[in-house]
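First up is the structure itself, then whatever we jot down about it.
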Amino acid sequence: MIGFVVCVGNPAVHARRALRSYALVREPDSVLAELSDASSIHVAYNEALDHFASYDELEALVLLHEDVELTDGGFCDAVRARLRDPEVAVLGTIGARGVRSLAWWRGEHVGFVRETRGVVGTPGSGGPVDAVDGLLLALSPWAVRNLRFDAETFDGFHGYDVDICLGARAAGRTVLAADLGVVHHTKGGYGDRAVWARCDARLRRKWSLGDPGDATSLKYGGGRPTASDMEASDPAGGSSAGSVSLLVVLDGPEHEALRCVTAISELRADQPDHEVVVVADCAPQLEPLLRRLDGDVAVERTDRPVGFAAAATRGIARCRGELVVLLHGAPSVAPDFLAPLVEALGDEAVAAAAAVDPREPNAPAVATAALAARRRDLPAALAPAPRGLELAALCTALARRGEVVAVPASRAGAPAAVARQMRRAPGDGELELSIVIPTLDAAGERTRRCVEAAQLTTEVDHELIVIDNGAPPQGFTAPVNAGLRAARGRYLLVLNDDVELLPGWWEPLRDALDAGAAVVFPETVDGGTRHDFAAWCFALSRATLERFAVADGEFLDPELVVWYQDTDLLQRLRRAGRPPVHVPASRIRHLLSATVKSDEPELHEWIAQQVQADKEAFEAKHGANVAGAAR
1 MIGFVVCVGN PAVHARRALR SYALVREPDS VLAELSDASS IHVAYNEALD HFASYDELEA
61 LVLLHEDVEL TDGGFCDAVR ARLRDPEVAV LGTIGARGVR SLAWWRGEHV GFVRETRGVV
121 GTPGSGGPVD AVDGLLLALS PWAVRNLRFD AETFDGFHGY DVDICLGARA AGRTVLAADL
181 GVVHHTKGGY GDRAVWARCD ARLRRKWSLG DPGDATSLKY GGGRPTASDM EASDPAGGSS
241 AGSVSLLVVL DGPEHEALRC VTAISELRAD QPDHEVVVVA DCAPQLEPLL RRLDGDVAVE
301 RTDRPVGFAA AATRGIARCR GELVVLLHGA PSVAPDFLAP LVEALGDEAV AAAAAVDPRE
361 PNAPAVATAA LAARRRDLPA ALAPAPRGLE LAALCTALAR RGEVVAVPAS RAGAPAAVAR
421 QMRRAPGDGE LELSIVIPTL DAAGERTRRC VEAAQLTTEV DHELIVIDNG APPQGFTAPV
481 NAGLRAARGR YLLVLNDDVE LLPGWWEPLR DALDAGAAVV FPETVDGGTR HDFAAWCFAL
541 SRATLERFAV ADGEFLDPEL VVWYQDTDLL QRLRRAGRPP VHVPASRIRH LLSATVKSDE
601 PELHEWIAQQ VQADKEAFEA KHGANVAGAA R
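Quick note: the UniProt record's numbering has the sequence shown finishing at residue 631, numbered continuously throughout.
Structure (structure tokens):
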């Protein structure tokens with residue numbers, strides 16, 4: 001049996017972190033002890049040791065901080081495996097060799113932990129150490145029955161972890177650090193610096209550690225101070241969060257936001273001190289993630305979409321750093337991206353410093369997804385801009401104040417659409433892909449979402465051709481044929497405006513066309529699909545466009561205005577022995593024929609009448625018993 005102990009000071013944090021983790025990793029016979037109201041952590045933990053020492057079946061006792069998150073469902077097996085060696089008395093997730101004070105982090109790091117402000121150690125590493133951090137202590141049955149925390153020498157929250165580790169080693173036992181899949185949602189720091197210094201002096205005296213020099217070197221010794229560290233070292237008691245604020249504006253899918261904040265949490269320990277401010281621009285889909293972030297970062301929410309400029313302005317009001325790095329489009333930042341930006345802004349002639357997308361190393365600064373500037377300059381420079389070009393507009397505004405530079409040493413993965421929009425146009429040469437989108441409302445929200453998804457997920461040179469067929473109504477065939485006539489691409493895609501292209505959609509379709517298919521179509525997820533021909537999204541080569549046209553410049557039969565032109569195309573391809581090919585590796589979402597629906601009574605009536613006319617024309621051409629395709 002593995003027992004768990006948590007000292008609870010903030011029930012909300014405990015419920016969100018340690019308690020939720022316990023539910024993930026617990027085994028049927030696990031026991032959880034939640035302690036509160038003790039005079040010190042030493043006293044509380046000793047009470048737990050006294051209680052669990054009587055359990056004959058005890059295999060390990062895990063002491064957790066309330067703000068620790070366990071991410072590995074096999075945590076208990078991992079602890080059990082490492083404590084199987086009877087010489088191991090204490091196991092932690094991060095520790096050090098060469099410990100000479102409470103500031104264990106000044107030693108050689110062993111193990112790994114991901115913290116709110118960065119990472120410490122090396123993933124997958126482990127081995128014997130002098131001491132481990134008390135954020136997680138797994139004690140062997142021998143340690144539970146033979147060791148106790150020194151509540152007489154130490155008080156408050158300090159000294160318990162290093163002291164018990166040194167006690168175990170003095171008894172001839174081993175202290176081990178190992179990567180246990182732990183996330184520590186901490187703001188860091190010493191708390192009361194005077195108490196910490198007193199406990200440090202007592203520890204060094206008790207274990208004859210001598211004078212370690214500057215034992216209060218900033219945790220974790222890599223040069224990255226935390227907010228609490230700065231407050232502790234500021235004789236004026238200032239509340240600065242450090243030199244830099246990371247401002248993240250989010251409005252997209254949860255998986256993209258999670259990727260972004262995870263990358264931020266993995267910044268290296270030697271990066272400049274920073275705080276994180278997140279603004280969710282009317283993003284209810286992000287609430288599960290935001291609830292996990294609350295308390296660790298500053299979170300601002302809008303109850304309606306306000307756009308990047310307004311959301312960023314709200315976030316700047318929460319920022320405390322002299323420099324602000326704006327992250328747009330949920331980019332994935334490199335672990336060392338921050339320091340080069342801060343260094344570039346050390347030159348007063350530089351107004352803004354832009355991270356570089358490693359996929360587009362020669363892209364200009366305006367293509368960035370991470371832009372650093374001085375906080376004082378931002379409110380006047382932020383202004384509404386077209387979606388995807390907000391940081392480009394900000395670069396232009398800041399250029400009036402000084403130089404805007406791209407910093408190759410700072411890497412941030414830009415949203416694909418932004419990088420492509422900032423690339424040079426391919427000129428008069430042939431594009432790879434033309435995407436033709438017929439719509440009844442080119443300015444509507446449905447079309448905007450369709451176009452945005454196409455921009456975000458299409459990784460090759462392409463053009464978008466949007467044809468508004470609603471004023472006056474032209475049906476479906478005429479705008480599609482017009483778009484295909486205007487297309488310049490080697491390949492062409494006909495896309496209903498109620499379709500969302502998903503990442504990785506294009507390459508499988510292109511491969512199928514290159515293998516000889518005349519027309520290909522993707523898998524539709526989260527809704528109905530057809531495997532004979534789902535014509536709400538289909539691709540073809542230019543050779544197919546020319547071979548199967550019913551007349552010059554008319555790929556779809558113009559006699560079929562609203563409906564049945566897809567079934568007509570299906571029949572023509574079948575008769576040629578080249579039916580459409582379904583490509584499951586390409587995936588899309590579809591709102592199921594929303595394209596031809598309208599709330600306008602006159603247009604609705606026109607569509608209904610035309611569908612009936614198209615049915616009669618199709619049956620006159622092919623008969624009444626043709627297996628049809630839906631659009």
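Even glycine gets a Cβ: it sits at the ideal position worked out from N, Cα and C. Just so it is clear, the structure is predicted and the values come from calculations on it, not from any experiment.
Name, in chain order, the residues that DSSP records as bridge partners for D281. T302
Tell me where the alpha helix (DSSP H) around V451 begins and ends. E445 to T457
Between L493 and N481, what straight-line distance do the alpha-carbon atoms span, to the nearest angstrom? 12 angstroms
Closest to L513 by C-alpha separation, out of A151, L24 and L545, would be which residue? L545
What does the Cβ neighbour count give for S54, buried or exposed, with the cut at 16 atoms within 10 Å? exposed
Express the C-alpha separation of G483 and V460 in angstroms, rounding to a whole number. 19 angstroms
7 angstroms Cβ cutoff met for P284 and V342: no
Kindly indicate which residue of W563, R575, F538 and A608 has the alpha-carbon position closest to the one of V581. F538
Limits of the beta strand (DSSP E) - the one that C7 falls within: For C7, the enclosing beta strand (DSSP E) stretches over residues I2 to C7.
Just to confirm the assignment, what range does the beta strand (DSSP E) spanning C537 have? C537 to S541
Which same chain residues end up closer than 7 angstroms to K206 when comparing Cβ atoms and leaving out the 5 residues on each side of it in sequence? T153
Taking P335 and R268 to be in contact with their CB atoms under 8 angstroms, please state how far apart those CB atoms are, rounded to whole angstroms. 5 angstroms
Does the CB of E554 have a neighbour CB from chain C at under 7 angstroms? Going by chain labels, chain C is absent from the structure shown, which holds only one protein chain.
Starting from the N-terminal side, write out each stretch of the alpha helix (DSSP H) that is 4 residues or longer and does not extend beyond the segment 86-172. 141-146 and 160-170
Taking C-beta to C-beta, are M1 and L61 nearer than 7 angstroms? no
Euclidean distance between Cα positions of F521 and L570: 12 angstroms
Would A291 be called buried (16 or more neighbouring beta carbons within 10 Å of its own) or exposed? Before going on, a small fix: residue 291 reads as Arg here, not Ala. Exposed, because fewer than 16 other Cβ atoms sit within 10 Å of the Cβ of R291.
Taking only three categories from DSSP, how would you classify E390? helix
Find out if the Cβ-Cβ distance for the pair S332, A392 is shorter than 7 angstroms. no
Below 8 angstroms on the Cβ atoms is my guess for G321 versus R375; work out the distance and round it to an integer in Å. 7 angstroms
Do V79 and A131 have their C-beta atoms within less than 7 angstroms of each other? no
Can you give me the C-alpha to C-alpha distance between L147 and D161, rounded to a whole angstrom? 12 angstroms
Runs of alpha helix (DSSP H) wholly within the segment 511-587 (minimum 4 residues, chain order): 542-547 and 565-575
Sequence-distant residues of its chain with Cβ nearer than 6 angstroms to R97 (five each side left out): G107, E108, V129 and D130
Helix, strand or coil for E66 per DSSP? coil
Around the Cβ of D56, are there at least 16 other Cβ atoms within 10 angstroms (buried) or fewer (exposed)? exposed
Residue range of the beta strand (DSSP E) that Y491 falls in? Y491 to L495
How many angstroms separate the CA atom of R16 from the CA atom of R446? 37 angstroms
Counting pairs of Cβ atoms below 8 angstroms between the segment 360-374 and the segment 298-314, do you hit three or more? Inter-segment contact for the segment 360-374 and the segment 298-314 is absent: fewer than three beta-carbon pairs are separated by less than 8 angstroms.
Between the CA atoms of L327 and A257 - distance to the nearest angstrom: 11 angstroms
Nonlocal neighbours in the same chain, by C-beta distance under 6 angstroms from E554, ignoring five residues either side: N481
On the DSSP bridge list, what partners appear for S332? DSSP, once it has assigned bridges, lists G413 as partnering S332.
Per-residue burial, Q565 [other beta carbons within 10 Å of its own, 16 or more giving buried]: buried
So, are the CB atoms of V90 and V144 less than 7 angstroms apart? no
Would you say P584 touches the ligand GDP, meaning its beta carbon is less than 6 angstroms from a heavy atom? In the structure on display, the ligand GDP does not appear, and there are no ligands present to speak of.
Opposing strand residues paired with S265 [DSSP bridges]: The partner list for S265 (beta bridge, DSSP) is empty, contrary to what the question assumes.
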